[in-house]
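Trainee: Encoded as structure tokens, here's the structure I'll be asking about.
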Amino acid sequence: LLVVDEVSMLDITLAEKLLAALGPETRLLLVGDPAQIPSVGPGNLLADLLASGAVPAARLTEIQRQAADSGIVANAYRVLAGEPPVGDRPDFGVIEAPSAGAVADRVAELVADKIPGLLGSRPGQGVQVLAAKYAGPAGVDRLNERLQALINPGGRGTPELVWKGRRFRPGDRVIQQVNAYAKGVANGEVGRVVRVDPEGPELQVQFETAFGPWTVTYRGLELDQLDLAYALTIHKSQGSDYPAVVVVAVRDHLPMLDRRLLYTAITRARRLCLVVAETGILAGAVGAEQNRHRFTALAERLQAR
203 LLVVDEVSML DITLAEKLLA ALGPETRLLL VGDPAQIPSV GPGNLLADLL ASGAVPAARL
263 TEIQRQAADS GIVANAYRVL AGEPPVGDRP DFGVIEAPSA GAVADRVAEL VADKIPGLLG
323 SRPGQGVQVL AAKYAGPAGV DRLNERLQAL INPGGRGTPE LVWKGRRFRP GDRVIQQVNA
383 YAKGVANGEV GRVVRVDPEG PELQVQFETA FGPWTVTYRG LELDQLDLAY ALTIHKSQGS
443 DYPAVVVVAV RDHLPMLDRR LLYTAITRAR RLCLVVAETG ILAGAVGAEQ NRHRFTALAE
503 RLQAR
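In my numbering, the protein residues as written are 203 to 507.
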């Protein structure tokens, strides 16, 4: 039996390779959420398989990640129904600000001060900021710079490696950007910098695995594989979950920030989700279903077999 999780991320090209590698006696169990954003690559595999009725399917309806009366769950369903989220529960809040810059200010305040008080944690610990795009004053790149300056500012005597405009310091949270099988680390894995050698240039990053800590060394051009991870794109977060999530919603990120992307971001949170939005844009975001319409013929071809 082979179990494949997060199948909404699986495109048809990778699915073909997966199926071709199966033995004649292998049973395949696919697990995923069709309401989440579809694969980056072509196709809409999970939704098409369900729509075809050609394969046995079961829907799990009991929430495991959060309590059944959670505001996170209630607002995830609101978003799927095309309704803006509302901040009326202890574990879910909506904060509006007049501009993208003001949104970024509120996010920085929440991550560095407010959320640590709520969680009883250090600044930045247990919280993940999610945004739709890299660019702009409330995009991932700018947010990472601001959050690093607040959470891990360094100082005299702290080693710092500057690589193509990015600054890395001991303690920084970083993300692996590509698959590096020889190093035993995959695209999307998040770790923490444990050693910096500016002269090398060289970094050592510790990743937490099911088998314990795993330390990986990056030298020279291998540093291109890393980026700061205080803020991530929603696409990069798919398949992960966090104690607390801050979702950024600004006008610059429309129309990419649509119903399914917002749903995916909200459902990454286990204990607390705060949506920080530019005033008036949430109704437009949840009313858009840009990613839903993929014109494929897989369901029809399966039905015709």
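C-beta: ideal position from N, C-alpha, C; glycine also.
Since the structure is predicted, the reported quantities are computational estimates derived from the model, not experimental observations.
(1) Starting from V309 and walking both ways along the alpha helix (DSSP H), at which residues does that stretch end?
(2) Counting only the same chain and skipping the five closest in sequence on each side, list residues whose C-beta sits under 7 Å from that of G341.
(3) Which first and last residues belong to the beta strand (DSSP E) in which A471 is found?
(4) Looking at C-alpha atoms only, which residue of G243, Q327, P226 and R291 is the closest neighbour of C475?
(5) In angstroms, rounded to a whole number, what distance separates the CA positions of I377 and L459?
(6) Would you mind stating whether V329 and A479 have Cβ atoms separated by less than 8 Å?
(7) To the nearest angstrom, report how far apart P287 and G486 are at their CA atoms.
(8) Give the range of the alpha helix (DSSP H) segment to which P258 is assigned.
(9) Can you give me the C-alpha to C-alpha distance between Y432 and L504, rounded to a whole angstrom?
(10) I'd like to check one pair, L224 with L232: are the Cβ atoms closer than 8 Å?
(11) If we count the other Cβ atoms within 10 Å of its Cβ and call it buried at 16 or more, is A467 buried or exposed?
(12) Taking the beta carbon of G489 as the centre, do at least 16 other beta carbons fall within 10 Å, making it buried, or is it exposed?
Mentor: Looking at the coordinates:
(1) A302 to E311
(2) A333 and K335
(3) Membership of A471 in the beta strand (DSSP E) is indicated by the continuous run A471 to E480.
(4) R291
(5) 22 Å
(6) no
(7) Rounded to whole angstroms, P287 to G486 spans 12 Å at the Cα level.
(8) No alpha helix (DSSP H) holds P258; DSSP gives it neither H nor E.
(9) 43 Å
(10) no
(11) buried
(12) With fewer than 16 other Cβ atoms from the protein chains shown falling within 10 Å of its own Cβ, G489 counts as exposed.
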